Amino acid sequence: MNTKNLTRRDMIKLGLLSVGSLMLGGPLNLLAKNIVRKSSKVKAKAKSVIQIWLWGGQSHIDTFDPKPQAGRDYCGELASEIETNVKGIKLNAALPLLAQQADKYSLIRSMTHGINAHETASYVMQTGHEPGRLVYPSAGAVVSLFKGYANGYKGVVPPYVVLTKGQGRFSESGFLGTKYKPFVTGGDPSRKPFEVEGIIAKGVSDERQLSRRELLHNLDTLGKANSKSSQFKKLDKCENEAYDLMFGDARKIFDLSNEDPAVRERYGKKKFGQSCLVARRLVEAGVPYITINYNGWDTHKQHFQIMNQKLPEFDQGLSALLQDLSDKDLLDSTIIWCGGEFGRTPKVMWNPPWNGGRGHFGQCFSVLLAGGGFKGGHVVGKSNATGTEVVERPVRPEDLIGSIYELMGIDPDGKLPNNKGLDVAILPKNGNGRLKEIM
46 MNTKNLTRRD
56 MIKLGLLSVG
66 SLMLGGPLNL
76 LAKNIVRKSS
86 KVKAKAKSVI
96 QIWLWGGQSH
106 IDTFDPKPQA
116 GRDYCGELAS
126 EIETNVKGIK
136 LNAALPLLAQ
146 QADKYSLIRS
156 MTHGINAHET
166 ASYVMQTGHE
176 PGRLVYPSAG
186 AVVSLFKGYA
196 NGYKGVVPPY
206 VVLTKGQGRF
216 SESGFLGTKY
226 KPFVTGGDPS
236 RKPFEVEGII
246 AKGVSDERQL
256 SRRELLHNLD
266 TLGKANSKSS
276 QFKKLDKCEN
286 EAYDLMFGDA
296 RKIFDLSNED
306 PAVRERYGKK
316 KFGQSCLVAR
326 RLVEAGVPYI
336 TINYNGWDTH
346 KQHFQIMNQK
356 LPEFDQGLSA
366 LLQDLSDKDL
376 LDSTIIWCGG
386 EFGRTPKVMW
396 NPPWNGGRGH
406 FGQCFSVLLA
416 GGGFKGGHVV
426 GKSNATGTEV
436 VERPVRPEDL
446 IGSIYELMGI
456 DPDGKLPNNK
466 GLDVAILPKN
476 GNGRLKEIM
């Protein structure tokens, strides 16, 4: 059979389109390598990023920027603040464990972009670009290009991993193409087994999975007849990589059964805490970019009832991750970026149908940064007495992402390779400057 004459339907049947998608980005890798070679002024301090994406946006007043003097209309039931282990820095009293880790992180209390729509705010916060003619790649895709595929990455899992559900607000890979989309695990690491999509087949034993493979090989007369075809060799390579994921070292990374039970308890046995533990294991495996998509923060209604459940597990999981990375000497080389697409309205919406909810608020919100070259024990920027406006050192998304890129050894002012031959900057230059005060 001449593979050059295959129709699109034939290719779909044979799976060659999937192989082709894995091959996308080869030219981009070459372009990225050339850019990396030419960029000598940026020295990497960090090797990995763990992005804790608070999907829906967390309230800064209820977390990193408490305003107890603002009264019930702004604070509701979460009206107390707590001293941290760094003099002068206070958190909401709902985060007592994180309060004891303040020397390990800095807080940005002056994030702003003014956008109140989920999709647009997510795009801007994850790419650093305003919406326009081009769909830019997310920070995860950019890091997976420069520090993954174009940097000789040999990891057993893809260089951009999302735990556990895709963010779904925009195309994370943008114009870079499908190769730079994240590997989304699915499943729940707090359950046994952690059914990672593409690695653990739900309801199918290992023995049955392997016997299916053997049967398919026995029936594959077309593949045997074309064993020397370059296209079929690519298909074989794709299959071998898939089975390496399913039965090789990649599977061990996601298997938490060999973790010390006391460590698992420290993180919290719920989905978020165990996702933080998996993220630490992915860092140990050398994965450059990991996102924990932690949803449930879009609290238009009954905000305080939800926060009373959510904040304790958030406090436990993130504080355990910070301490664990520090104990294993990994925090200095691992950036933790924690925040959402925007904040929540500082003034509580008490009237029906909201019944004590908070709406979308992109005017002023907070982000936590730790590790990988970011100093701990600092606060950048300031909001006013009610948390409604930035009054000191506004920080835009491109400032934040540019600082992360710089610490990862990616020149934020450099060019972003693309197959369209366009002169495209990695980030726009209309921000307020990198976060040099904490770098």
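Heads up, my numbering is the position in the sequence shown plus 45, with the first residue counted as 1. Backbone N, C-alpha and C fix where the C-beta goes; we use that ideal spot for every residue, glycine too. Model, not experiment: these values are computed from the prediction.
Annotation for Asp110: Leu152, Arg154, Ser411, Ser428 and Gly432 place their beta carbon closer than 8 Å to its own, counting only its chain and skipping 5 residues before and after. Around the beta-carbon of Arg117, fewer than 16 other beta-carbon atoms lie within 10 Å, marking it exposed. In this structure, Ile471 and Val94 do not form a Cβ contact; the two beta carbons are roughly 15 Å apart against a cut-off of 8 Å.
A check of alpha carbon separations from Tyr168 across Glu443, Lys460, Asn475 and Asn464 identifies Glu443 as the nearest. Annotated three-state conformation of Tyr198 is coil, per DSSP. With fewer than 16 neighbouring CB atoms inside 10 Å of its own CB, Asp305 falls in the exposed class. For Leu375, the secondary structure class from DSSP, reduced to helix, strand or coil, is coil.
Taking Arg438 as reference, the option from Asn477, Gly404 and Ser275 with the minimal CA-CA separation is Asn477. The segment 224 to 241 makes no contact with the segment 362 to 379; the number of CB pairs closer than 8 Å stays below 3. Per the C-alpha coordinates, the member of Glu217, Val131 and Leu142 positioned closest to Thr165 is Glu217. Taking C-beta separations shorter than 7 Å and ignoring five residues to either side along the sequence, the partners of Pro462 in its chain run Leu73, Leu76, Ala77 and Ile80, following chain order. For the pair Leu99 and Tyr339, the CB atoms are nearer than the 8 Å cut-off. Under the DSSP assignment, Tyr119 falls outside any beta strand (DSSP E), being part of the alpha helix (DSSP H) whose first and last residues are Arg117 to Cys120. The bridge partners DSSP lists for His423 are Ser151. Its chain contains Gly185, Ser189, Pro227 and Tyr334 as the residues whose beta carbon lies nearer than 6 Å to that of Tyr205, once the 5 sequence neighbours on both sides are disregarded; these appear in chain order. Assigned with DSSP and collapsed to three states, Tyr450 falls in helix. C-alpha of Gln319 to C-alpha of Arg326: approximately 11 Å in a straight line. Counting along the chain, Glu329 sits inside the alpha helix (DSSP H) bounded by residues Lys316 to Glu329. Using a Cβ distance threshold of 8 Å, Glu122 and Ala144 do not count as a contacting pair.
Of Ile381, Pro182, Arg214 and Ile483, the smallest CA-CA separation from Lys224 is found for Pro182. As the crow flies, the alpha-carbon of His423 is around 30 Å from that of Ala330.
Contact between Phe191 and Val241 does not hold, since the beta-carbon distance rounds to 26 Å and is not under 8 Å. Counting only residues of its own chain and dropping the five nearest sequence neighbours on each side, Ala138 has a CB closer than 7 Å to the CB of Ser125, Glu126 and Ile127. DSSP places His405 in the strand class (E or B) of the three-state scheme. The beta carbon of His348 sits closer than 6 Å to the beta carbons of Gly401, Gly402 and Arg403 from its chain, once the five residues preceding and following it are set aside; these are given in chain order. In this structure, DSSP gives Val435 an extended state, which the three-state scheme calls strand. One thing to note: Gly388 has its Cβ within 8 Å of the Cβ of Gln103. Under the 10 Å beta carbon count, Val131 is surrounded by 16 or more other beta carbons and is classified as buried.
The shortest C-alpha to C-alpha distance from Leu179 to any of Lys315, Gln368 and Pro473 is the one to Pro473. Looking from the CA of Lys465, the closest CA among Tyr194, Phe220 and Val435 belongs to Phe220. The residue among Ile381, Leu375, Lys346 and Gly385 with its C-alpha nearest the C-alpha of Met394 is Lys346. The beta-carbon distance between Lys149 and Leu367, rounded to whole angstroms, is 5 Å. This is short enough to meet the 8 Å contact definition. Ser93: not part of any alpha helix (DSSP H); member of the beta strand (DSSP E) spanning Ser93 to Leu99, first to last residue. In the structure shown, the three-state DSSP call for Tyr225 is helix. Spatial neighbours of Pro176 in its own chain (CB-CB distance under 8 Å, excluding positions within 5 residues in sequence) are listed in chain order as Thr165, Tyr168 and Val169. In the three-state reduction of the DSSP assignment, Ala89 falls in the coil class, being assigned neither a helical nor a strand state.
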